[in-house]
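Student:
Number of protein chains: 2
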Amino acid sequence: MHYDINEYKNPLFTVDSVLFTVKEGALKVLMVRRAKAPCEGCWGLPGGFVDIENDMTTDVTARRKLKEKTSVEPRYLEQLQAFSGSDRDPRGFSVTLVYFALVTEQDVSSHIASVEDVQWIDVKVLPSLDIAFDHKTIIEHAQKRLQQKALYSMIPVYCLPSQFTIGQLKSVIETILEKPIQRKSLIRRIEASDMFEGAEQKVKSGGRLAQLYSVKEGADLVNFERNFSV
Amino acid sequence: MHYDINEYKNPLFTVDSVLFTVKEGALKVLMVRRAKAPCEGCWGLPGGFVDIENDMTTDVTARRKLKEKTSVEPRYLEQLQAFSGSDRDPRGFSVTLVYFALVTEQDVSSHIASVEDVQWIDVKVLPSLDIAFDHKTIIEHAQKRLQQKALYSMIPVYCLPSQFTIGQLKSVIETILEKPIQRKSLIRRIEASDMFEGAEQKVKSGGRLAQLYSVKEGADLVNFERNFSV
DNA sequence: CGAATAGTGTCTTTAAGACACTATTCG
DNA sequence: CGAATAGTGTCTTAAAGACACTATTCG
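So the protein lines, in turn, are chains A and B. Using numbering that gives the first Met the number 0, you'd call the opening residue of the first sequence number 0 and step up by one each time. Using numbering that gives the first Met the number 0, you'd call the opening residue of the second sequence number 0 and step up by one each time.
1. Report buried or exposed for Arg187 (chain A), applying the criterion of at least 16 other Cβ atoms within 10 angstroms of its Cβ.
2. Residues bridged to Met30 (chain B) by DSSP?
3. On a CA-only basis, which of A:Ser152, A:Lys201, A:Glu216 and A:Gln142 is nearest Thr20 (chain A)? Give me that one, please.
4. From A:Ile51, A:Tyr75 and A:Gly47, pick the residue whose C-alpha is nearest to that of Lys64 (chain A); which is it?
5. Are the segment 30-37 of chain A and the segment 105-120 of chain A touching by the rule of at least three beta carbon pairs closer than 8 Å?
6. Taking Cβ to Cβ, would you say Ile172 (chain B) is nearer than 8 Å to Pro155 (chain B)?
7. Which residues does DSSP pair with Thr95 (chain A) in a beta bridge?
8. Using CA coordinates, which residue listed in A:Cys38, A:Leu150 and A:Trp42 is at the minimum distance from Pro126 (chain A)?
9. Near Glu216 (chain B), which residues of its chain fall below 7 Å by C-beta distance, leaving aside the five closest residues on each side in sequence?
10. Could you tell me whether any Cβ in chain B is nearer than 8 Å to the Cβ of Val49 (chain A)?
11. Is Ile138 (chain A) helix, strand or coil when you go by DSSP?
12. Residues in the segment 80-97 of chain A with C-beta within 8 Å of chain B's C-beta atoms, listed in sequence order?
13. Quick check on Ser109 (chain A): does DSSP put it in helix, strand or coil?
14. Identify every residue that forms a DSSP beta bridge with Leu208 (chain B).
15. Please report how far the alpha carbon of Tyr212 (chain A) lies from the alpha carbon of Cys158 (chain B), in whole angstroms.
16. For chain A, find out if any of its Cβ atoms is closer than 8 Å to the Cβ of Gln105 (chain B); answer yes or no.
17. Measuring alpha carbon to alpha carbon, tell me which of A:Pro73, A:Gln78 and A:Leu128 ends up nearest Ala40 (chain A).
18. If you follow the beta strand (DSSP E) that Lys66 (chain A) is part of, which residue opens it and which one closes it?
19. What did DSSP end up calling Arg225 (chain A) once you bin it into helix, strand or coil?
20. Is any heavy atom of the ligand MN found at a distance shorter than 7 Å from the C-beta of Glu216 (chain B)?
21. Around the Cβ of Pro73 (chain B), are there at least 16 other Cβ atoms within 10 angstroms (buried) or fewer (exposed)?
Quick look at the structure:
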C-alpha cells in the first residue's frame, strides 16, 4: 500500500536541553549565545536537529548537542516535555523536545561556529535577559520539575562531585528548594535509601571533619513516599 | 541570514494517545484496528500527524485525533513522553509524542476509513494481541504513570461519571493500583483536598444510601505529600 | 578554650493503616 | 431481623520536623 509522506507537512522538530548545576550557592542553567538566525545574539538553550542517520534516539541527540555546543556530558538526563506551536519559532509550526539534565559544577566552553559563547546563568537573572523563543518558559518548567523531584528523591546529588559531604548535599538541596531542610531528615533519607556509601577518608570543612559519601555503583535514584514539607 | 530547512532530514513526527478508563472492574485502553499500512490489521493507539495549519499545539492534535478516530473527548489529558528511534516504524526514524488521557466509561465508535474498529481493551489481554509498532511498551509506561499518580492524587476520578460515590471511587483506585486501599484514608483525602462537593441526593448501592460527590467547578487536581503505601 | 561544623538522641507532629463500631437501607 | 454497604472513632505506625545535645577540628 502506498504511503504518502507529504500528505502532511511535518513540523520543524528540535531537541533542546535545560542543564542545571548549583554553583556559588545559586541554581544556574547552561545557556549558549546564538551566532546564527533566528534570534541571533540572544541566549538560548543548547540543542538542535536530530541526525536521523546517526542518532539512535532523541536521548542521543540531546547528549550529542550538549557535548558539541558546550563540551558538557550530563550526569543525569531525562525527558522533560515537548513544547509546540506555530508562534514559538518564526520559521513556522515547531516542536521542541526538551530534556532536563544535571551536572557537577564545571567549566564550559564552545568549539563550534553556531555558538558565540557558553555560560552558566543564574536562574534569578533570567528575567532581565534577552532569551530566544519560549526558552524562558521552558526553563521555568524545568526548574519546577527539579524542585518537585528534590522533595522526594536524592536527585540533587547529580549537581555534586562524585564524592561529597552531607553538608554540601544539604546546601545544594536548600538552594534548589529555596528553603531550609532538617539535616537530620536528610541523614535519615541517606541511610534509608541505601544509594550511598561512605568513603574511607574524611574532609575538612571549617569544624569537625566531614564524612565523604558517593553514590553506590549502579545504584538507582530512589523515590521516597513522602515529600519534604513545603 | 539564510536558513536551510533541508540541512537535516526531519524525523517522521506523530502524536498518539493512551486513553484509559475503568470498566467492569478492569483497566481498559482505547485501541483502534488499523485499516491502512503500516501494520494494517494490527491494533494501535489512536493518533496521527499534526495539521500544522490548524492545530495550535500538539495538545490540540491529540484531542482532534481522538475525536476523529474514536469519537471520544477525554476528561483529562497530559503529555506522557516522546518515543523515538529508527527501528520503531518501518518508514524510518520517527518520533511519537504520546499523551496520556482518562475518560468516563462510554461507548466508542469510528467514522473514518483509516480505522476498521475501535475497542476498549483490557490491559491484561494486551500481551496476547498483535500490537502496532512499540505501542505495547508505550501503554506499559502510561499504565505506570497512572498507577504512580493514583498514589498521590485524585486522578482516578476522571474515570468516573461527573457524579460518583466514595465506593465507586475506591473501587476505581483499587483497580488501577491492583491492591486494596483503606476507605477511611480515601475519605480523609476527599475532605483534605477540597476538590469535591457533595450533591443533594443520595443513591442506592445495595445497603445504606451513598452520598454523591462531584468535582467542584474549576477545581485543580491536588497532589498529596504522601503516597498510599505500596 | 571558643568558634565552627559534624553528627546523635529523642520528643513532637502529620497523615496513613488497621479495624471495630454505628447508621441506614432493603428484602 | 439480617445482609449489605455507608460512614465514624480512635489507636497504631511511619517518617518528617524541631531542637537540644555531644563530637571533633582548628586557630
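Think of the CB as a built atom: it goes at the ideal place given N, C-alpha and C, for glycine as much as any other residue. Everything numeric in this text was worked out from a predicted model, so none of it was measured.
Tutor: Based on what the coordinates show:
1. Here residue 187 (chain A) corresponds to residue number 188 of the first sequence, with the count starting at 1. Burial check for Arg187 (chain A): the Cβ neighbour count within 10 Å stays below 16, so the residue is exposed.
2. In the second sequence, counting from the first residue as 1, residue 30 (chain B) sits at position 31. In the DSSP output, where bridge partners are listed per residue, Met30 (chain B) has B:Gln118.
3. The residue you call residue 20 (chain A) lines up with position 21 of the first sequence. Per the Cα distances, A:Gln142.
4. To locate residue 64 (chain A), count along the first sequence from 1; it is residue 65. Of A:Ile51, A:Tyr75 and A:Gly47, the residue nearest in Cα terms is A:Gly47.
5. yes
6. For the purposes of this step, residue 172 (chain B) is identified with residue 173 of the second sequence, where counting begins at 1. For the purposes of this step, residue 155 (chain B) is identified with residue 156 of the second sequence, where counting begins at 1. For Ile172 (chain B) and Pro155 (chain B), yes; Cβs fall inside 8 Å.
7. Residue numbering aside, residue 95 (chain A) sits at position 96 when the first sequence is read from its first letter. Looking at the DSSP assignment, Thr95 (chain A) forms a beta bridge with A:Thr13 and A:Phe82.
8. Here residue 126 (chain A) refers to the residue found at position 127 when the first sequence is read from its first residue. Ranking A:Cys38, A:Leu150 and A:Trp42 by Cα distance to Pro126 (chain A) puts A:Trp42 first.
9. As a working mapping, residue 216 (chain B) is identified with position 217 in the second sequence. Cβ neighbours of Glu216 (chain B) beyond the five flanking positions: none.
10. Locating residue 49 (chain A) in the first sequence gives position 50, counting from the first residue. Yes, Val49 (chain A) lies at the interface with chain B (some Cβ there is under 8 Å from its Cβ).
11. Here residue 138 (chain A) corresponds to residue number 139 of the first sequence, with the count starting at 1. Three-state DSSP puts Ile138 (chain A) in a helix.
12. Gln80, Ala81, Ser83, Gly84, Ser85, Arg90, Gly91, Phe92, Val94 and Leu96
13. Taking the first residue of the first sequence as 1, we reach residue 109 (chain A) at position 110. It is coil, neither helix nor strand.
14. On the second sequence, residue 208 (chain B) is found 209 positions in, with the first residue counted as 1. Leu208 (chain B) is not bridged to any residue.
15. To locate residue 212 (chain A), count along the first sequence from 1; it is residue 213. To locate residue 158 (chain B), count along the second sequence from 1; it is residue 159. Rounded to the nearest angstrom, the two C-alpha atoms are 45 Å apart.
16. The count along the second sequence starts at 1 and reaches residue 105 (chain B) at position 106. Output row for Gln105 (chain B): interface = no.
17. Along the first sequence, one-based indexing puts residue 40 (chain A) at 41. The sequence given here has Gly at residue 40 (chain A), not Ala. Taking only the C-alpha atoms, the option nearest Gly40 (chain A) is A:Leu128.
18. Locating residue 66 (chain A) in the first sequence gives position 67, counting from the first residue. Premise fails: Lys66 (chain A) lies in the alpha helix (DSSP H), Thr57 to Thr69, not in any beta strand (DSSP E).
19. Your numbering for residue 225 (chain A) matches position 226 in the first sequence. Three-state DSSP puts Arg225 (chain A) in a strand.
20. The ligand MN is not among the ligands present in this structure, which contains no ligands whatsoever.
21. As a position in the second sequence, residue 73 (chain B) is number 74, starting the count at 1. Classification for Pro73 (chain B): buried.
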